[in-house]
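Trainee: If you count the sequence shown from 1, position 542 lands on 542 in the UniProt record's numbering, and the numbers rise without skipping.
I'd like to ask some things about the structure below.
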Amino acid sequence: MGRRAKNKQAAPEPLEKKAAKKLGKRKADSDIDSDDGPSTRPAKKVKDFMANAHATASKSFIQKGNGKDKGKAVTEKTTVVAKPISDSDSGDGWEDVDSEVEMDDDNDDRLEDFIGDLDDSMEGSDDDDEPLRGTVQEFDFDTDEEEEIQSASKRKKSKQSEKPLKIIPTGSDASSDDDDDDSEEDERVTMANMEARSRALDAKAAAEAELDEAEFQGALASDDKNEDLDMDEDAGTDGEIDAEPFHLPTAAEREAEKQAGGPDLQVVQRRMRECVRVLGKFKRLAEKGRSRSEYTDQLIADIASYYGYNQFLAEKLFQLFPVAEAIEFFEANEVPRPVTIRTNSLRTRRRDLAQTLVNRGVNLEPIGKWTNEGLQVFESSVPIGATPEYLAGHYMLQAASSFLPVKALSPQPNERVLDMASAPGGKTTHIAALMQNTGVVFANDANKARTKSLTANVHRLGCKNVVVCSYDGREFPKVMGGFDRVLLDAPCSGTGVISKDQSVKVNKSERDFALLSHLQKQLILCAIDSVNPNSKTGGYIVYSTCSVTVDENEAVVDYALRKRPNVKLVDTGLEFGREGYTTYRGKTFNPSVSLTRRFYPHVHNMDGFYVAKFKVGKRSKATSVDESAAVAEPTFVLGEEAPVQHAGEDVGFDSEEDRPYLEEAKRRRMKSKGLRPPPRSNPTKA
Ligand SMILES: C[S@@+](CC[C@H](N)C(=O)[O-])C[C@H]1O[C@@H](n2cnc3c(N)ncnc32)[C@H](O)[C@@H]1O
1 MGRRAKNKQA APEPLEKKAA KKLGKRKADS DIDSDDGPST RPAKKVKDFM ANAHATASKS
61 FIQKGNGKDK GKAVTEKTTV VAKPISDSDS GDGWEDVDSE VEMDDDNDDR LEDFIGDLDD
121 SMEGSDDDDE PLRGTVQEFD FDTDEEEEIQ SASKRKKSKQ SEKPLKIIPT GSDASSDDDD
181 DDSEEDERVT MANMEARSRA LDAKAAAEAE LDEAEFQGAL ASDDKNEDLD MDEDAGTDGE
241 IDAEPFHLPT AAEREAEKQA GGPDLQVVQR RMRECVRVLG KFKRLAEKGR SRSEYTDQLI
301 ADIASYYGYN QFLAEKLFQL FPVAEAIEFF EANEVPRPVT IRTNSLRTRR RDLAQTLVNR
361 GVNLEPIGKW TNEGLQVFES SVPIGATPEY LAGHYMLQAA SSFLPVKALS PQPNERVLDM
421 ASAPGGKTTH IAALMQNTGV VFANDANKAR TKSLTANVHR LGCKNVVVCS YDGREFPKVM
481 GGFDRVLLDA PCSGTGVISK DQSVKVNKSE RDFALLSHLQ KQLILCAIDS VNPNSKTGGY
541 IVYSTCSVTV DENEAVVDYA LRKRPNVKLV DTGLEFGREG YTTYRGKTFN PSVSLTRRFY
601 PHVHNMDGFY VAKFKVGKRS KATSVDESAA VAEPTFVLGE EAPVQHAGED VGFDSEEDRP
661 YLEEAKRRRM KSKGLRPPPR SNPTKA
C-alpha cells in the first residue's frame, strides 16, 4: 500500500503544523478553496490515513493546502501554469488564448457537451530520438550563460523543493532509496542530461510500478488470510487506536445525525478510517452482529458526504477497487494532475522546444520514456498557453493520458484514418503529426460548435492532411468507410477526470451511464464497420474513454466482440496500465478483454483513462453488414427518453440488451418523483 500510495501527486508546500487546516468535505472547504486556483490539496495517502487512526479524533487525517497558498509560500512571482479546469469548457482554439492555459484534453468533452443535442447537429518510432534527428543540438552555453541558467535552475529547484512526481509509470516509493533520488533530483536538468535522466527515472519507475502491482496483487490475495494471520500483530495496537472504541451508528443514530444537519467532519473522518480498518480485517474487528455491508454502506455514505459525490456515483466508483484503494482513488481526485504538453513534431523537435521554453523560464522535463513527445511542466514564469511557441503551434497542451489512444492507434504515413469524435482535436493533431502530414485524417465531431476549436487547432499545429467534418458518428460508414484505422475517443461520463471537473461528482446519474453506454455501443459498431478489413497497413480500431466505469469500457468492448465476430482485441502496445476487467460484479467478459488497459489517477498520476485496440478481420457472409442499412438513425437524444432503434437496426445494435438498464433507470427516476413506476418487463436488475 505504502509504495503505491506515496508520492504520486504533485507534492504540496509543507503546511505549518499549527496552520494546518482540517480537511472538510469539499462543500465545507469552500472557505479554503474558494480562490481561483485549482486546489492542490495534497493527497495524504491511505497509509497516512490509516496511520492517523492512532491519532486523536480531533486531529485531521489529511493536511490541507491549496495552490494559492503553495504558490505564495514559494514565490510571489510564480505564474500559475494552468487555469482552473472548470473554466476551460469553452473550447480549445487559439483565439481564446490569453494569459491562461487551454487544456486540449478531454476535460470539456463529455456528457454535458452533447446533452440534448444528439438529434441533429449534436451541439452540445519508438526510437526516442526519432523526431530529434539531424544535428544533435545541445545547449551551447558559454560559461557565463551556463552559470546563469544553472543558478536560475537552482532557484527553480528550490521553489519546488518537494518535486512533483513523474507521470508514469510513477516511481511511487520514496522510502528505501530516497537518498539516491535526492542527489539525482538535485542535479540540474539540462538538455544534455534530460534524456538520460528521463530514462533513469523511467527504469526506476518501471521497476517500482512492477513492484507496486505485485504488491497490490499480493495484498488482494492475502486479504483474507491476513485477517487471521495478523491477529498477533494487531493485538497490541487495536485497542489503542482511539480513546473510545468505535461503533457503527445505528439507524436511529444516523437519523439523529441527519436531523442535526449531517455528521460532524471529525466524526466522518474517524468513521471512514475505522470502516476501512474493520473492512480490512472484518472477522477480527467487526462488531458482533454487524454485517460487512453495513460497514460498506456507512463508508460509502461518508465518502459521498466527505468528498461531495452523489451517493450513486460514490458507490459506483467505490466498487471498482478494494476498500483501501478506493480511498486512494477518491483522494487522487482531489489533487490536480501534472500539466503536460505534447511537442508538435510537424513544427519542432522536443529538444528544441524544451530549450526554448526553459529559456523562457519554464521548468520542465520529459514525461517519460513511453513518449518521445511529451513534456511535464512543473512551473512557469510565463503563461504556458500563450507563449509565442504555443501560438505558433509548436505544442499542444494535452493531458498525458490523451497521448495513449493515439499511441495505441499507431497511425502510419499515407493511411486513411477516421477520428470519429475528435473535437477539440488533441488526438487528431497528434495523429496528423505521426502520419507526418501524409495520407488523410477525417476529423469528425457531431457537435458543430466544437469543430470550430478543432479547426483552429488543426490550423495552429500546421496539419495539412486533416479534413474536418460533422456527422453523428452513428452515420458512419454510410457517409464514409474503408479506413485503415479508426479512433473512437468516445463521449463519456468523465469519471477519469474528476480532478479537473468536480461537477462530475454530482451531475451523473444512473440513467446517464445507461444512456452513455448505449451510445458508446452504437458508436463502436459503426467505428468497426468503417474499417477496411483488407487494409494493407492497418485494419485497426482504438476505443478510448476518459472514464473508469466498467459500463463505458469493458462492457462496450465485450459487446462489440459479441456483435462483430470479425474483430478481435489485440495488445495496445502501451507499456503500462492495468488490465481490463474480465469479470466484474457477476458479469463475465471475453477473456481477451484483459488486453485492454486501464489508467488511474492514484496509480499512474494521470487522468483516469481506458484504451482498447481491435484488429478488424474480414466479415464472413453470415456476419456481414449491409452497409447501406448500417446507419443507426440519430433518434435518441440524451436528456430524453430511452433510445428507440429504427432503420439502423441492421447495424446489429441490440437495443434489447440495454433495455433493462434503461427501464430500471426510468423506474428509479419515477420513484424519486413519487410516481408509480411501471412493472418491470424484465426482472433483471440494472
Ligand atoms: C472525449 S471527446 C473527444 C476528444 C477528442 N478526441 C480530443 O482528443 O480532443 C468526445 C467528443 O464526442 C463528440 N460526440 C458526442 N456524441 C457524438 C456522436 N454521436 N458522434 C460523434 N461525435 C460525438 C462530442 O462532441 C465530443 O467532442
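Glycine included, C-beta positions come from ideal geometry on N, C-alpha and C.
Quantities reported herein were computed from a predicted structural model and do not represent experimental measurements.
1) Hey, out of Leu-248, Val-278 and Phe-321, whose CA is closest to Arg-585's CA?
2) Under 8 Å between the Cβ atoms of Glu-328 and His-604?
3) Between which two residues does the beta strand (DSSP E) containing Asp-489 stretch?
4) Hey, quick one: how far does the alpha helix (DSSP H) through Met-272 stretch, first residue to last?
5) Any heavy atom of ligand 1 closer than 7 Å to the Cβ of Met-420?
6) Opposite Tyr-559 in the DSSP bridges: which residues?
7) Since Asp-352 and Glu-415 should fall inside the 8 Å C-beta cutoff, what is the C-beta to C-beta distance between them, to a whole number of angstroms?
8) Would the beta-carbon of Asp-489 fall within 8 Å of that of Pro-405?
9) Using 10 angstroms around the beta-carbon of Asn-344, count the other beta-carbons present and answer buried if the total reaches 16, otherwise exposed.
10) Phe-589 and Asp-558 - do their beta-carbons sit closer together than 8 Å?
11) Give a single yes or no on whether Arg-347 has its beta carbon closer than 7 Å to a heavy atom of ligand 1.
12) In the DSSP assignment, the alpha helix (DSSP H) including residue 691 goes from what residue to what residue?
13) Are the CB atoms of Ser-493 and Asp-512 nearer to each other than 8 Å?
14) Between the Cα of Pro-383 and those of Gly-289, Cys-275, Glu-579 and Gly-361, spot the shortest distance and give me the residue it belongs to.
15) Note down, one range per segment and in chain order, each alpha helix (DSSP H) of at least 4 residues found wholly within the segment 361 to 394.
16) Among the candidates Glu-257, Ala-392 and Gln-311, whose CA atom is the shortest distance from the CA of Ser-509?
17) Tell me the rounded alpha-carbon separation between Lys-613 and Gly-538.
18) Could you check how far apart the C-beta atoms of Val-497 and Gly-608 are, in whole angstroms? I think they sit under 8 Å.
19) What is the DSSP secondary structure of Ile-541, counted as helix, strand or coil?
20) Locate the alpha helix (DSSP H) running through Leu-519, then write down its first and last residues.
21) Could you tell me the alpha carbon to alpha carbon distance between Gly-674 and Lys-563, rounded to whole angstroms?
22) Where Ser-592 and Leu-569 are concerned, what is the direct C-alpha to C-alpha distance, given to the nearest angstrom?
23) Give me, in chain order, the residues of the same chain whose beta-carbon lies closer than 7 Å to that of residue 705; leave out the 5 immediate sequence neighbours on both sides.
24) Quick one: using the 10 Å Cβ neighbour count with 16 as the cut-off for buried, is Thr-495 buried or exposed?
25) What is the DSSP secondary structure of Phe-599, reduced to helix, strand or coil?
26) On the three-state DSSP scale, how would you describe Ile-498?
27) Considering only the alpha carbon of each residue, which of Leu-265, Ala-260 and Arg-277 lies closest to Phe-246?
28) Is Lys-587 helix, strand or coil when you go by DSSP?
29) What is the residue span of the alpha helix (DSSP H) that Ala-612 lies within?
30) Using alpha carbons as the reference points, say which of Leu-279, Asn-532 and Glu-334 lies closest to Pro-477.
31) Could you name the residues that DSSP lists as bridge partners for Asp-419?
32) According to DSSP, is Leu-675 helix, strand or coil?
33) Near Lys-618, what residues of its chain come up, given a Cβ to Cβ distance below 6 Å and the 5 sequence neighbours on each side ignored?
34) Please report the distance separating the alpha-carbon of Asn-566 from that of Val-616.
35) Report yes if the C-beta distance between Leu-418 and Asn-444 is below 8 Å; otherwise report no.
36) Per DSSP, which one or two residues make a beta bridge with residue 687?
Mentor: Answer, in terms of the structure:
1) Phe-321
2) no
3) 485 to 489
4) 265 to 280
5) yes
6) Beta-bridge pairing links Tyr-559 to no other residue.
7) In fact, because the Cβ distance is near 27 Å, the residues do not count as touching under 8 Å.
8) yes
9) buried
10) yes
11) no
12) What is shown of the chain runs 1 to 686, which leaves residue 691 out entirely.
13) yes
14) Gly-361
15) 388 to 391
16) Gln-311
17) 12 Å
18) 7 Å
19) strand
20) 510 to 529
21) 38 Å
22) 6 Å
23) The structure shown does not extend to residue 705, since the chain spans only 1 to 686, so no value can be given for it.
24) buried
25) strand
26) coil
27) Arg-277
28) strand
29) Looking at the DSSP string, Ala-612 is not in any alpha helix (DSSP H); the run it does join, the beta strand (DSSP E), is 609 to 616.
30) Asn-532
31) Ala-443 and Leu-487
32) coil
33) Pro-533
34) 6 Å
35) yes
36) Outside the displayed span of the chain (1 to 686) sits residue 687, for which this structure offers no information.
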